[in-house]
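Novice:
Residue numbers (mature numbering (1 follows the signal peptide of the UniProt record, and there is no 0)): -18 to -1, 1 to 176.
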């Protein structure tokens, strides 16, 4: 019983300390992607991976993610969210797909910046009407921090093969966590039959 209470207390302390949530970072990334893609339907997550979580200041963290997306049947104008259970993926032949990476910057537990790059998705570019990134990554934000942990001063980092939610004593760590199925995806094949 004591260990349960200590675990709950540690999780609450981490939550209040501004430690970013990888789930929230992923959600912010996909919401941003859905705003900048040219397609009229929402994109949903097919795969996701937390590449890195690291501290950049007293109350600031960055979360680096990679994820794959696929076009759903839900229109952007439908008012639905990309993870709504009714937003099934389009058939494999007609769906747009992309491989994306993002960096989500947090300050005091709040998202302050989301940078997203994708391959394979048509996106609006601030410098021209539109652009497609099929061969190279397209950076959709002008501000991008491509800094490795080794280049950052005073950053402590540890590699770990665990989920951040499972590690209540995390200060700054690189989390290599893979997820195979998104919350609205029970089976990719079953979605394609609809």
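Virtual Cβ for every residue (Gly too), placed ideally from N, Cα, C.
1. Output the distance between the C-alpha atoms of residue 33 and residue 2, rounded to the nearest integer angstrom.
2. Would you kindly check if the distance between the Cβ of residue 23 and the Cβ of residue 55 is under 8 Å?
3. Compute the Euclidean distance between the alpha carbons of residue 14 and residue 91, then round it to the nearest angstrom.
4. For residue 11, does the count of other Cβ atoms within 10 angstroms reach 16, so buried, or fall short, so exposed?
5. Please return the same chain residues whose Cβ sits closer than 8 Å to the Cβ of residue 111, not counting the five positions on each side in sequence.
6. Helix, strand or coil for residue 40? Go by DSSP, reduced to three states.
7. What residues are listed by DSSP as bridge partners for residue 29?
8. Does residue 206 pass the burial test, meaning 16 or more other C-beta atoms within 10 Å, or should it be called exposed?
9. Under a three-way DSSP split, which group does residue 104 fall into?
10. If I measure Cβ to Cβ from residue 38 and keep anything under 6 Å in the same chain, skipping five residues before and after, which residues do I get?
11. Relative to the C-alpha of residue 80, which candidate in 6, 98, 70 and 86 has its C-alpha closest?
12. Output needed for residue 89: all residues of its chain with C-beta closer than 7 Å, excluding positions within five of it in sequence on either side, in chain order.
13. I'd like the list of long-range same chain contacts for residue 7, defined as Cβ closer than 7 Å, with 5 residues on each side in sequence excluded.
14. Quick one: using the 10 Å Cβ neighbour count with 16 as the cut-off for buried, is residue 94 buried or exposed?
15. Which residues in the same chain as residue 28 place their Cβ atom closer than 6 Å to its Cβ, once the five residues preceding and following it in sequence are excluded?
16. For my contact list, residue 26 and residue 71 are in at a C-beta cut-off of 8 Å; report their separation, rounded to the angstrom.
17. Output the distance between the C-alpha atoms of residue 74 and residue 58, rounded to the nearest integer angstrom.
18. If we count the other Cβ atoms within 10 Å of its Cβ and call it buried at 16 or more, is residue 67 buried or exposed?
19. If we ignore side chains and look at the alpha-carbon of each, how far apart do residue 5 and residue 76 end up?
20. Going by DSSP in three states, residue 72 sits in which element: helix, strand or coil?
21. Might you give, ordered along the chain, the residues of its own chain that have their beta carbon closer than 7 Å to the beta carbon of residue 78, omitting 5 neighbours on each side?
Specialist: Quick look at the numbers:
1. 14 Å
2. yes
3. 18 Å
4. buried
5. Caution applies to residue 111, whose pLDDT of 42 falls short of 50 and renders its modelled position unreliable; the model cannot decide the point.
6. coil
7. 50
8. Here the chain has residues from -18 to 176 only, and residue 206 is not among them.
9. strand
10. 44
11. 98
12. 41 and 42
13. 45, 47 and 86
14. exposed
15. 50 and 52
16. 6 Å
17. 19 Å
18. exposed
19. 28 Å
20. coil
21. 21, 53 and 103
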